[in-house]
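**Student:** Here's a structure for you.
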Amino acid sequence: MVAKRLDVFTRNPAGAENRYSVFLSHGRASMIPSPTWSVGYERPEHLSSSRLMVLDAQRATTLRAWVTTLIPARGDRPDAADVGAAEYVDATVFLVPALRPALIQAIDRLERSANDQRHKAFSECSAEDREGLLREFEAVDASDAFNMVRDFTYEAYYGHSRVLAALEKETSWSSASPTRGSAMKPFDASRLERVSKLPPRWRKA
Numbered sequence: 001m002v003a004k005r006l007d008v009f010t011r012n013p014a015g016a017e018n019r020y021s022v023f024l025s026h027g028r029a030s031m032i033p034s035p036t037w038s039v040g041y042e043r044p045e046h047l048s049s050s051r052l053m054v055l056d057a058q059r060a061t062t063l064r065a066w067v068t069t070l071i072p073a074r075g076d077r078p079d080a081a082d083v084g085a086a087e088y089v090d091a092t093v094f095l096v097p098a099l100r101p102a103l104i105q106a107i108d109r110l111e112r113s114a115n116d117q118r119h120k121a122f123s124e125c126s127a128e129d130r131e132g133l134l135r136e137f138e139a140v141d142a143s144d145a146f147n148m149v150r151d152f153t154y155e156a157y158y159g160h161s162r163v164l165a166a167l168e169k170e171t172s173w174s175s176a177s178p179t180r181g182s183a184m185k186p187f188d189a190s191r192l193e194r195v196s197k198l199p200p201r202w203r204k205a
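Residue numbers (this note's numbering): 1 to 205.
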């Protein structure tokens, strides 16, 4: 087998991009898809399952509390756990085994911090306490696990039909607009006459 590096890219709603480099055998490379899905597009079936592939029940509970703290419910919008963000993270690291240790160690570290500081499980802490624990973890995290969970949570959340429907209701913005297009209101085309006469600002490549 020939070792091959796979760069997994994620992009959050603000446009910031992160790259996670993982190494895998050449024979399995074609089986590992990138977990980056465009907002508004249907996610692959293997990332829509509610069945956990990597995490046990206790760690899954911690991860659900983690993603809920990142994106709590607001108005008609559900929280991230309610739309399966934890399952999405689990399914993604199942596909990219090199990411599993960082996730599991991060979850265990949060649990230890919660027990040491709050004397209870992370999932049983208040939203304020969970946020504080996550901020502490983010500040010292050298594994990039915090960024990974954050980015995969954003991908799962802002690609979910319930969230997109709520956003469209709130803002009138539709996730399908980039592919479906939208009608422009009638306007005076003569106002573009000067611009249409300008020389090209591009060149053929």
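Backbone N, C-alpha and C define an ideal beta-carbon position, used for all residues, glycine too.
#1: For S175, which option in V163, A183 and D151 has the closest C-alpha, if you only look at C-alpha atoms?
#2: Can L63 and I107 be called in contact, C-beta distance under 8 angstroms?
#3: With burial defined as no fewer than 16 other Cβ atoms inside 10 Å of the residue's Cβ, what is the status of P78: buried or exposed?
#4: Out of curiosity, what's the CA-to-CA distance linking L95 and E136?
#5: Hey, is the region 139-152 in contact with the region 98-118, meaning 3+ C-beta pairs nearer than 8 angstroms?
#6: Would the beta-carbon of A114 fall within 8 angstroms of that of P72?
#7: Pick helix, strand or coil for R74, following the three-state DSSP scheme.
#8: Rounded to the nearest angstrom, how far is the Cβ of A156 from that of A85, given a contact under 8 angstroms?
#9: For G132, which of helix, strand or coil comes out of DSSP?
#10: Measuring CB to CB, does A80 end up less than 8 angstroms from V67?
#11: Give me the Cα-Cα distance between E124 and R118, rounded to the nearest whole angstrom.
#12: Going residue by residue through the region 84-111, where are the continuous alpha helix (DSSP H) segments of at least 4 residues, counting only ones entirely within it?
#13: So the alpha helix (DSSP H) A146 belongs to, where does it begin and stop?
#14: Roughly how many angstroms lie between the CA atoms of E193 and K169, to the nearest whole one?
#15: With DSSP collapsed to three states, give me the class of W66.
#16: Excluding sequence positions up to five away, which residues of its chain have a Cβ less than 8 angstroms from the Cβ of L110?
#17: With DSSP run on the structure shown, which of helix, strand or coil describes A142?
#18: Provide the residue span of the alpha helix (DSSP H) that contains A166, from first to last.
#19: Does G215 pass the burial test, meaning 16 or more other C-beta atoms within 10 Å, or should it be called exposed?
#20: Grab me the residues of W202's own chain with a C-beta within less than 8 angstroms of its C-beta, minus the 5 sequence neighbours each way, in chain order.
**Tutor:** Put simply:
#1: V163
#2: yes
#3: buried
#4: 29 angstroms
#5: yes
#6: no
#7: strand
#8: 4 angstroms
#9: helix
#10: yes
#11: 9 angstroms
#12: 85-95
#13: Before going further, note that residue 146 is Phe rather than Ala in the sequence given. It spans A145 to Y158 - the alpha helix (DSSP H) in which F146 sits, taken as one unbroken run.
#14: 37 angstroms
#15: helix
#16: T62, W66, F122, L133, L134 and F137
#17: coil
#18: S161 to T171
#19: Nothing can be reported for residue 215: it is not among the residues displayed for the chain, which extend from 1 to 205.
#20: none
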